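Numbering (the working numbering), first residue to last: 533 to 888. Ideal Cβ positions, reconstructed from N, Cα and C, are used throughout, including at glycine. From a predicted model like this one, the values you see are computed outputs, not experimental measurements. Structure first, then comments.
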Ligand SMILES: NC(=O)c1ccc[n+]([C@@H]2O[C@H](COP(=O)([O-])OP(=O)(O)OC[C@H]3O[C@@H](n4cnc5c(N)ncnc54)[C@H](O)[C@@H]3O)[C@@H](O)[C@H]2O)c1
């Protein structure tokens, strides 16, 4: 039985027991209508599991959007705000977001801004959304190809983790979430990281427990610094370059679109190399990380002329302050050093090493 966690003003609940808590919560709060936001996949695979648990007399309305990162934009928000309005949404409506990180990010943003804010709950259905996107109160959408450029920090009323939803999740999407779990070990818990070292040889009988620990690590960091002025930046490890790579591949028609975790896996190797070059990480540790990640994630092909546009994109990273690109680098496995400036030459060297 997984212990619930307390986040900043909301609970993170595990397993089927969580649905009882949800029903009591709905009963105690006089919501006018329960809206459920899904995409076509979660409507097909997850709603049929969720609805039988929901014990309420209230009106339930399902709003469905197309799946994928390309939908995480303001146009889709307008569609959802319009649907909420047409279906009689008011300030006492509740929005339950059932889906991956796209649904929890956009659903949290739509709810936070509809009628100046209605209550919302996240039920993440991808591994990535369970261990990362649904935890910590960041909501938002992309602006063109710039990731998460528009958004708010606002917490849900609860997050409900039911790993049974993962049964229908494609393998590559599972891998995408795994990247964030590896990150949690690398930045905060060497022992946890060591459980993933032989990634390809494991069947993860205790996967629920690993998910729980990952959420605990992220939650502990967010609790210390909800608005990302300090230690929350630790979570950006692998993401400074990872986001730039993800954006570049998304905007470039000749490139295959990468899953978030695939870009982050490459970002973690590149930023581990930089950590090594900055003498924060040993060569042995760097190679351990590179080999473990390469055993699971395909190497991304970068052409010579990809690098400058990727570096250009770093400049737009919203994590930058005063125009300076800041990295969170590993200081040994399990420790992180934030606010590290890195010169462009070293970034380029990291790509050269990645290809080797
Ligand atoms: N807010 C944050 O702190 C935070 C953190 C990390 C990532 N994110 C965001 O999360 C997003 C990525 O999330 P994601 O990887 O979950 O992507 P996603 O929401 O696009 O889901 C991936 C795919 O899996 C499908 N799917 C979802 N659940 C399923 C299930 N149970 N069975 C079958 N198919 C299912 C979806 O329809 C989609 O096609 C990105 O936009 C990223 O920026 C946000």
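- Pairing residue 605 with residue 643 gives a Cβ-Cβ distance that is not under 9 Å.
- For residue 665, the shortest C-beta to heavy atom distance toward ligand 1 is below 8 Å.
- Judged by the Cβ position, residue 780 fails to qualify as a neighbour of ligand 1 at the 8 Å threshold, every heavy atom of the ligand being at least this far.
- The C-beta of residue 858 has 16 or more other C-beta atoms within 10 Å across all chains shown, which makes the residue buried.
- The segment 560-580 and the segment 750-764 do not touch, with fewer than three beta-carbon pairs separated by less than 8 Å.
- A Cβ-Cβ separation of about 24 Å leaves residue 616 out of contact with residue 658 under the 8 Å criterion.
- Across the set 789, 806 and 550, the C-alpha of 806 shows the shortest separation from the C-alpha of residue 773.
- Here DSSP, grouped into helix, strand and coil, assigns residue 809 to helix.
- Beta-carbon to beta-carbon, residue 684 and residue 666 are separated by about 15 Å, too far to satisfy the 8 Å threshold.
- By the Cβ neighbour-count rule, residue 708 is buried, with 16 or more other Cβ atoms within 10 Å of its own.
- At a Cβ-Cβ threshold of 9 Å, residue 550 and residue 536 count as neighbours.
- Within the chosen limit of 8 Å, ligand 1 does not reach the beta carbon of residue 639 with any heavy atom.
- Secondary structure of residue 715 (DSSP, three-state): helix.
- For the pair residue 668 and residue 542, the Cα-to-Cα distance works out to about 10 Å.
- In the DSSP assignment, no residue is bridged to residue 832.
- Secondary structure within the segment 727-770: the alpha helix (DSSP H) runs of 4 or more consecutive residues, fully enclosed, are 739-756 (chain order).
- Within the same chain, and ignoring the five residues on either side of residue 664 in sequence, the residues whose Cβ sits closer than 6 Å to its Cβ are 712.
- Contact annotation: residue 626 and residue 719 have beta-carbon atoms that are not nearer than 9 Å.
- Note on residue 687: 16 or more other CB atoms within 10 angstroms of its CB, so buried under the neighbour-count rule.
- According to the DSSP assignment, residue 555 belongs to the alpha helix (DSSP H) that extends over 549-560.
- Contact check between the segment 830-848 and the segment 774-785: three or more CB pairs, one atom from each, fall below 8 Å, which counts as touching.
- Annotation for residue 708 indicates a beta carbon within 8 Å of some heavy atom of ligand 1.
- When secondary structure is reduced to three states using DSSP, residue 877 falls in the helix class.
- Your pair residue 876 and residue 843 checks out as a contact, with CB atoms roughly 6 Å apart and the cut at 8 Å.
- In the three-state reduction of the DSSP assignment, residue 589 falls in the coil class, being assigned neither a helical nor a strand state.
- Three or more Cβ pairs closer than 8 Å define a contact, and the segment 810-824 meets that threshold against the segment 864-874.
- Boundaries for residue 674: no alpha helix (DSSP H) harbours it, while the beta strand (DSSP E) harbouring it runs 670-675, taken from the DSSP string.
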